[in-house]
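1 is the number of the first residue of the sequence shown in the UniProt record's numbering; add one for each residue after it.
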Amino acid sequence: MIPDFIYDPPDVPLSVVYEDRGILVVDKPAGLLSVPGKLAGREDCLVSRLQAAYWDALLVHRLDCDTSGVMIFARNKRAQGFLGQEFEKRRARKSYIARVAGELAEDRGHIDLPLCADWPNRPRQMVSHEHGRPAQTDWEVVERLPGETRVRLFPLTGRSHQLRVHMLELGHPILGDPIYATGAAREAPRLMLHAEWLALHHPAGGEWVEFRAPVPF
Numbered sequence: 001m002i003p004d005f006i007y008d009p010p011d012v013p014l015s016v017v018y019e020d021r022g023i024l025v026v027d028k029p030a031g032l033l034s035v036p037g038k039l040a041g042r043e044d045c046l047v048s049r050l051q052a053a054y055w056d057a058l059l060v061h062r063l064d065c066d067t068s069g070v071m072i073f074a075r076n077k078r079a080q081g082f083l084g085q086e087f088e089k090r091r092a093r094k095s096y097i098a099r100v101a102g103e104l105a106e107d108r109g110h111i112d113l114p115l116c117a118d119w120p121n122r123p124r125q126m127v128s129h130e131h132g133r134p135a136q137t138d139w140e141v142v143e144r145l146p147g148e149t150r151v152r153l154f155p156l157t158g159r160s161h162q163l164r165v166h167m168l169e170l171g172h173p174i175l176g177d178p179i180y181a182t183g184a185a186r187e188a189p190r191l192m193l194h195a196e197w198l199a200l201h202h203p204a205g206g207e208w209v210e211f212r213a214p215v216p217f
């Protein structure tokens, strides 16, 4: 059973990691939508807060509401198109830190499980070899603790809820996940998933640039 989603965005200041004439890089807090929600009362989001301070900020990609970490925005249409291609053509590189339930036996691995929407149970996603779109994730153990593991995740594709469903399929749901975790694993104070690192080509001259946001858990 998926709990009702009560939107209570955090009242925190913007955390700008980097800015220049072409791009803005922001550390998104957990609990804040990337873009406005479809229902009333969900207008407050990262892009609206950012545009209040930077009128020219343009969306390039998204993070789940409950996920924190690095997001990049463009400051003109050309940069937006260039950065969009970085993600679409999979030239952008990303890593996430997660705390997951249980102790993984292996030190690293690769997940290749196609995903699609679980329509009767939206917003859940599910593995479907018949209807799913390709989805791949590399992972490596950072630290093993009693009853949990800290892992670094490298999504090779960008499907909705990809990391959350892939770790669930391994039998190690991400702690604090209100959709996919159950029992004690759901009791963490937040979704323990953070976009720690993003690297891609800069739209101004094609230079390879990297950005990080400190892990808050």
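C-beta atoms are modelled at their ideal positions from N, C-alpha and C, and glycine is treated no differently. Keep in mind the model is a prediction, meaning the values are calculated, not measured.
Cβ-Cβ separation, residue j to residue i (assumed contact under 8 Å), whole Å
{"i": "Ile174", "j": "Leu145", "result": "Going by Cβ atoms, the distance from Ile174 to Leu145 rounds to 14 Å, so no, they are not a contact pair."}
{"i": "Trp197", "j": "Val70", "result": "7 Å"}
{"i": "Val17", "j": "Phe154", "result": "Contact doesn't hold; Cβ gap of about 20 Å is too wide."}
{"i": "Leu83", "j": "Leu191", "result": "In fact, because the Cβ distance is near 25 Å, the residues do not count as touching under 8 Å."}
{"i": "Val165", "j": "Leu115", "result": "6 Å"}
{"i": "Leu24", "j": "Ala52", "result": "In fact, because the Cβ distance is near 13 Å, the residues do not count as touching under 8 Å."}
{"i": "Met167", "j": "Val100", "result": "5 Å"}
{"i": "Glu169", "j": "Arg152", "result": "No, Glu169 and Arg152 are not in contact; Cβ-Cβ is about 18 Å, not under 8 Å."}
{"i": "Asp64", "j": "His161", "result": "7 Å"}
Any chain C beta carbon closer than 9 Å to residue i
{"i": "Asp66", "result": "Within the model displayed, chain C is absent; a lone protein chain is all it includes."}
Residue range of the alpha helix (DSSP H) that includes residue i
{"i": "Lys77", "result": "77-88"}
Unbroken beta strand (DSSP E) run spanning residue i, endpoints
{"i": "Arg35", "result": "The amino acid occupying residue 35 in the given sequence is Val; Arg does not appear at that position. Run containing Val35: none; DSSP gives neither H nor E here."}
{"i": "Val25", "result": "23-28"}
{"i": "Arg108", "result": "108-112"}
{"i": "Arg49", "result": "That residue, Arg49, is in no beta strand (DSSP E); its alpha helix (DSSP H) goes 46-53."}
{"i": "Asp138", "result": "136-145"}
{"i": "Ile174", "result": "Element bounds for Ile174: n/a, residue is neither H nor E."}
{"i": "Pro156", "result": "Inspection of the sequence shows that residue 156 is occupied by Leu rather than by Pro. Where Leu156 is concerned, there is no enclosing beta strand (DSSP E), given that its DSSP letter is neither H nor E."}
{"i": "residue 224", "result": "There is no way to answer for residue 224, as the model of the chain reaches only from 1 to 217."}
{"i": "Ile6", "result": "Counting along the chain, Ile6 falls outside any beta strand (DSSP E), and DSSP gives it neither H nor E."}
{"i": "Arg42", "result": "Neither: Arg42 is in no beta strand (DSSP E) and is coded neither H nor E."}
{"i": "Ser95", "result": "93-101"}
{"i": "Val127", "result": "125-127"}
{"i": "Ala117", "result": "115-117"}
Helix, strand or coil at residue i [DSSP, three-state]
{"i": "Met167", "result": "helix"}
{"i": "Ser68", "result": "strand"}
{"i": "Arg186", "result": "helix"}
{"i": "Leu215", "result": "According to the sequence provided, residue 215 is Val. The question's Leu does not apply to it. It is coil, neither helix nor strand."}
{"i": "Pro13", "result": "coil"}
{"i": "Glu207", "result": "coil"}
For the 8 Å Cβ check, are there 3 or more pairs between the region 66-82 and the region 4-14? no
Any chance the region 78-94 sits against the region 37-52, with 3 or more Cβ pairs inside 8 Å? The region 78-94 is not in contact with the region 37-52.
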